[in-house]
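**Q**
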Amino acid sequence: MLKQINHYVLALIPKSKAADKVEDFRPIACCNVMYKVISKIIASRLAPTLCRIIDPAQAAFVQNRSMIENIFLLEIGQLKDNADFNFHPKCGGLKITHLAFADDLVILSRGDPRSVSLLMENLSHFGECSGLKVSFSKSNLFVACINSDDLASLKEISGFSQGSFPF
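See below:
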């Protein structure tokens, strides 16, 4: 931009009444009105095309994209590649292979509606962040010692059909 348009007035606003050092002032940069108008026009015209121009892997500073999702996916990848991690020096490796095998997962929960509701919220949030989704047609709800009213409530909350053990 032209120097006549792209210039600022730097105003020093005192932070206290007895301001006698540089640290006691707050700098405020006042830019030219024409500069602000031109900048806004350029930004508003570029905004619709930025999502197409910028690679989908770039998440920061693009509207409707979150950097947190990419960080989460990186961490999931690290956990997948290095499955022998420990939470504490006295902890052993991850030993739940019978609960998580290949693409199958067994999640244990209390049999009350609040626990199942929280579980479903967390699965939904996990799906939003990771891009992975629960396959409701392949998922089952296994229960023990629950009356029929509570069972109906849990099935409604989860959206899963009731499964039965093969033994």
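Start counting the sequence shown at 5; every next residue gets the next number (the working numbering). From the three backbone atoms N, C-alpha and C, an ideal C-beta is built for every residue, glycine too.
With a Cβ-Cβ cutoff of 9 Å, do F140 and F169 count as a contact?
**A** Taking the first residue of the sequence shown as position 1, residue 140 is located at position 136. Taking the first residue of the sequence shown as position 1, residue 169 is located at position 165. Not a contact, by the Cβ cut-off of 9 Å.
**Q** Which two residues bound the contiguous alpha helix (DSSP H) that contains P31?
**A** The residue you call residue 31 lines up with position 27 of the sequence shown. Careful: P31 lies outside any alpha helix (DSSP H), inside the beta strand (DSSP E) at 29 to 35.
**Q** Mind checking which residues open and close the beta strand (DSSP E) that includes I17?
**A** Mapped onto the sequence shown, residue 17 falls at position 13. 12 to 18 is the extent of the beta strand (DSSP E) around I17.
**Q** Roughly how many whole angstroms lie between the Cα atoms of L77 and A61?
**A** For the purposes of this step, residue 77 is taken as the residue at position 73 of the sequence shown. For the purposes of this step, residue 61 is taken as the residue at position 57 of the sequence shown. Rounded to the nearest angstrom, the two C-alpha atoms are 11 Å apart.
**Q** Who are the near neighbours of S152 in its chain, counting only those whose CB is closer than 7 Å to its CB and skipping five residues on each side?
**A** Locating residue 152 in the sequence shown gives position 148, where the first residue counts as 1. For S152, where only same-chain residues beyond five positions count, there are no Cβ hits under 7 Å.
**Q** With a CB to CB cut of under 8 Å and the five nearest residues on each side skipped, what residues in its chain are close to K159?
**A** Indexing the sequence shown from 1 puts residue 159 at position 155. Cβ within range, chain order: L145, S165, Q166.
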